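Chains as they are written, first to last, in the working numbering: chain A, 36 to 143; chain B, 173 to 288. For reference, the structure is listed below as structure tokens.
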């Protein structure tokens with residue numbers, strides 16, 4: 036069992052739909068990253084959070100420390116949101132442990 | 173402010189050779205982390221440097237090594253390359269005010285290494 040697990044692995048949505056990607060972790064973490072990776076490899080950090088909720092534009096990330104669970108929500112999805120979304124827990128100080136990623140495809 | 177840069181972007185080597193990859197962090201960032209991404213294993217942590225000292229290390233063989241210079245630029249080296257070392261190698265920098273603080277990481281574009 037991976038220390039950080041994501042679901043679903045693949046997600047296809049229609050433009051405008053509300054999207055949720057889930058992340059569960061079985062290890063102690065001090066913070067959790069949500070990352071976005073586009074084809075070609077470039078990774079962008081979307082959020083780093085250790086409690087509660089953060090919002091950037093159409094993206095919302097929440098974390099429940101007691102339940103060891105985090106969610107990434109995308110409101111009013113758009114084809115340009117198509118990418119791989121990866122959650123990663125900050126463990127052992129500076130070490131990131133990654134989930135397997137969720138491939139999101141948003142169709143027009 | 174310029175982002176994290178990595179050189180080279182693409183590299184082809186043969187088994188048994190060694191390779192050195194370079195990472196220049198965002199100005200003012202003292203922490204540099206390295207990651208390996210493969211289709212089979214996903215993203216895995218290699219090591220992290222803070223102010224020229226290795227602060228953390230992942231579960232990779234000793235063939236993988238790194239260092240950080242006084243200007244925070246970092247290099248990683250892989251000796252005796254194996255086919256399985258073919259991967260995207262990413263570095264990320266973060267602003268850490270002290271050895272015990274950890275902040276959001278900003279990723280470079282990566283170096284794609286192919287071992288033949």
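All C-beta atoms in this analysis are idealised placements derived from N, C-alpha and C, irrespective of residue type, glycine included. As the structure is a computational prediction, the values presented were derived from the model and not from experiment.
For residue i and residue j, which I take to be in contact (beta-carbon distance under 8 angstroms), what is that distance rounded to the nearest angstrom?
i	j	result
residue 282(B)	residue 133(A)	Not confirmed; about 14 angstroms, so no contact.
residue 249(B)	residue 238(B)	7 angstroms
residue 125(A)	residue 80(A)	Wrong, their Cβ atoms sit about 12 angstroms apart, outside the cutoff.
residue 241(B)	residue 224(B)	7 angstroms
residue 226(B)	residue 262(B)	No, residue 226(B) and residue 262(B) are not in contact; Cβ-Cβ is about 18 angstroms, not under 8 angstroms.
residue 137(A)	residue 43(A)	6 angstroms
residue 77(A)	residue 260(B)	Not a contact, Cβ separation roughly 10 angstroms.
residue 255(B)	residue 191(B)	No, residue 255(B) and residue 191(B) are not in contact; Cβ-Cβ is about 13 angstroms, not under 8 angstroms.
residue 110(A)	residue 47(A)	Actually they are not in contact, since the Cβ atoms of residue 110(A) and residue 47(A) sit about 17 angstroms apart, beyond 8 angstroms.
Locate the beta strand (DSSP E) running through residue i, then write down its first and last residues.
i	result
residue 238(B)	236-240
residue 232(B)	Neither: residue 232(B) is in no beta strand (DSSP E) and is coded neither H nor E.
residue 145(A)	Since the first residue shown for chain A is 36 and the last is 143, residue 145(A) is missing from the structure and cannot be characterised.
residue 54(A)	54-60
residue 184(B)	182-185
residue 245(B)	Unbroken run through residue 245(B): none, as it is neither H nor E.
residue 68(A)	66-72
residue 221(B)	214-222
residue 209(B)	203-210
residue 191(B)	191-196
residue 283(B)	283-287
residue 174(B)	No beta strand (DSSP E) holds residue 174(B); DSSP gives it neither H nor E.
residue 261(B)	259-266
residue 37(A)	Taken as a continuous stretch (DSSP letters only), residue 37(A) belongs to no beta strand (DSSP E), as it is neither H nor E.
Problem - Within 9 angstroms of chain B by C-beta, residues of the segment 69-101 of chain A in sequence order - result: Along the segment 69-101 of chain A, going in chain order, the ones with a CB nearer than 9 angstroms to a CB of chain B are 70, 72, 75, 76, 77, 78, 79, 80, 82, 83.
Problem - Inter-stretch contact (C-beta, 8 angstroms, three-pair minimum) for the segment 37-47 of chain A and the segment 98-106 of chain A - result: The segment 37-47 of chain A vs the segment 98-106 of chain A: no contact.
Handout entry: Under 8 angstroms (Cβ pairs) to chain A, residues found in the segment 192-217 of chain B
Key = Against chain A - using a Cβ distance shorter than 8 angstroms - the residues of the segment 192-217 of chain B are 203, 205, 207, 209, 214, 215, 216, 217.
Exercise for the section: Could you name the residues of the segment 110-125 of chain A whose beta carbon sits closer than 8 angstroms to any beta carbon of chain B, in the order they occur along the chain? Expected result: Residues passing the 8 angstroms Cβ filter: 121, 123, 125.
Problem - Contact the segment 120-131 of chain A vs the segment 176-194 of chain B: 3+ CB pairs below 8 angstroms - result: Not touching, per the Cβ criterion.
Exercise for the section: Report yes or no: do the segment 52-67 of chain A and the segment 105-118 of chain A share at least 3 C-beta pairs separated by less than 8 angstroms? Expected result: With a cut-off of 8 angstroms, the segment 105-118 of chain A and the segment 52-67 of chain A count as touching, because enough Cβ pairs lie within range.
Handout entry: Inter-stretch contact at 8 angstroms, needing at least 3 Cβ pairs: the segment 65-81 of chain A / the segment 108-127 of chain A
Key = For the pair of segments examined, the segment 65-81 of chain A was found to touch the segment 108-127 of chain A: the number of CB pairs separated by less than 8 angstroms reaches three.
Handout entry: Cβ pair count under 8 angstroms reaching 3, the segment 198-205 of chain B against the segment 258-270 of chain B
Key = These segments touch.
Handout entry: Complete beta strand (DSSP E) runs within the segment 79-131 of chain A (minimum length 3 residues, chain order)
Key = Listed in chain order, the complete beta strand (DSSP E) runs (minimum 3 residues) inside the segment 79-131 of chain A are 87-91, 94-99, 104-109, 118-126.
Problem - Residues within the segment 219-252 of chain B neighbouring chain A, beta-carbon criterion of under 8 angstroms - result: Listed in sequence order: 220, 222, 227, 228, 230.
Problem - Residues of the segment 254-271 of chain B with Cβ closer than 7 angstroms to any Cβ of chain A, in chain order - result: Within the segment 254-271 of chain B, the qualifying residues are 260, 262.
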